[in-house]
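Colleague:
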Amino acid sequence: MTQTSTDSDACTVRRVHPDAVEAAADHLSERADVLDGARALFAALGDPTRLRLLAALQTGPLCTCDLAATLGVTESAVSHQLRGLRALRLVASERDGKMVYHRLDDDHVAALLSVAAEHVAEGAVENETSAADTPLALDA
Numbered sequence: 106m107t108q109t110s111t112d113s114d115a116c117t118v119r120r121v122h123p124d125a126v127e128a129a130a131d132h133l134s135e136r137a138d139v140l141d142g143a144r145a146l147f148a149a150l151g152d153p154t155r156l157r158l159l160a161a162l163q164t165g166p167l168c169t170c171d172l173a174a175t176l177g178v179t180e181s182a183v184s185h186q187l188r189g190l191r192a193l194r195l196v197a198s199e200r201d202g203k204m205v206y207h208r209l210d211d212d213h214v215a216a217l218l219s220v221a222a223e224h225v226a227e228g229a230v231e232n233e234t235s236a237a238d239t240p241l242a243l244d245a
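The working numbering puts the first residue of the sequence shown at 106, with every later residue one more than the last.
(1) Excluding the 5 residues flanking L172 on each side, which residues of the same chain have their C-beta closer than 7 Å to its C-beta?
(2) Between L195 and V214, which are expected to be in contact by the criterion C-beta below 8 Å, what is the C-beta distance as a whole number of angstroms?
(3) Which one of A129, G189 and E180 has the shortest CA to CA distance from L146?
(4) What are the boundary residues of the alpha helix (DSSP H) that includes R188?
(5) Report the three-state DSSP secondary structure of A197 (helix, strand or coil).
(6) To the nearest angstrom, how far is it from the Cα of D170 to the Cα of R120?
(7) Rounding to the nearest angstrom, what Cα-Cα distance links R200 and L167 in this structure?
(8) Can you check which of these residues, L156, D211 and E135, is closest to A197 by C-alpha distance?
(9) Using the C-alpha atoms, what's the distance from V118 back to L156?
(10) Under the rule that 16 or more other beta-carbon atoms within 10 Å means buried, what is A143, buried or exposed?
(11) Straight-line CA distance for E180 to A222?
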């Protein structure tokens, strides 16, 4: 077994493992569509407004005006962000009379946000900072 070092991301010797390379390349090829979808998903989560919007919806369904007030942005800005999140199936919306309520689309979205927050909090503990100081305290 080779000793692991975190001093550098590069190998100190160049030795390609053909079987491992072939397996990884096949995996990437077979999952190209899934990876493209994941890229779009992570790009959506990379926007601070969209991420805060999703985090707010972790508390339960909220109407457009409640989301705007919570995030401190206009209803137009919320609606614009919601369109993209609905297209990615991250948010579902339902009209109730004159109100439109939004919620996380399914348990996968809630789990994704929770796992992300857990991962960040774990790193915060390792770095001797609190989870509240992390930029992604989604379910705190």
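We put the beta carbon where it would ideally sit given N, CA and C, even for glycine.
Modeller: Based on what the coordinates show:
(1) For the purposes of this step, residue 172 is taken as residue 67 along the sequence shown, with counting starting at 1. Taken in chain order, the residues that qualify are L158, A161, V183 and H207.
(2) Position 90 of the sequence shown, counted from the first residue, corresponds to residue 195. Position 109 of the sequence shown, counted from the first residue, corresponds to residue 214. So it is a contact: roughly 5 Å between Cβ atoms.
(3) Here residue 146 corresponds to residue number 41 of the sequence shown, with the count starting at 1. Considering only alpha carbons, the answer is G189.
(4) By one-based count along the sequence shown, residue 188 stands at place 83. Note, R188: alpha helix (DSSP H), E180 to A192.
(5) Looking up residue 197 in the sequence shown gives position 92. Reduced to three states, the DSSP call for A197 is strand.
(6) By 1-based counting over the sequence shown, the position of residue 170 is 65. By 1-based counting over the sequence shown, the position of residue 120 is 15. In the sequence under discussion, the amino acid at residue 170 is Cys, which differs from the Asp named in the question. Their Cα atoms are separated by approximately 58 Å.
(7) Position 95 of the sequence shown, counting from 1, holds the residue named residue 200. Position 62 of the sequence shown, counting from 1, holds the residue named residue 167. Going by the C-alpha atoms only, they are around 11 Å apart.
(8) Start at 1 with the first residue of the sequence shown, and residue 197 comes out as number 92. For the residues L156, D211 and E135, the minimum Cα distance to A197 belongs to D211.
(9) Translated into the one-based positions of the sequence shown, residue 156 becomes position 51. Translated into the one-based positions of the sequence shown, residue 118 becomes position 13. Cα to Cα, the separation comes out at about 41 Å.
(10) One-based indexing of the sequence shown puts residue 143 at position 38. So A143 counts as exposed.
(11) Here residue 180 refers to the residue found at position 75 when the sequence shown is read from its first residue. Here residue 222 refers to the residue found at position 117 when the sequence shown is read from its first residue. One C-alpha to the other measures close to 27 Å.
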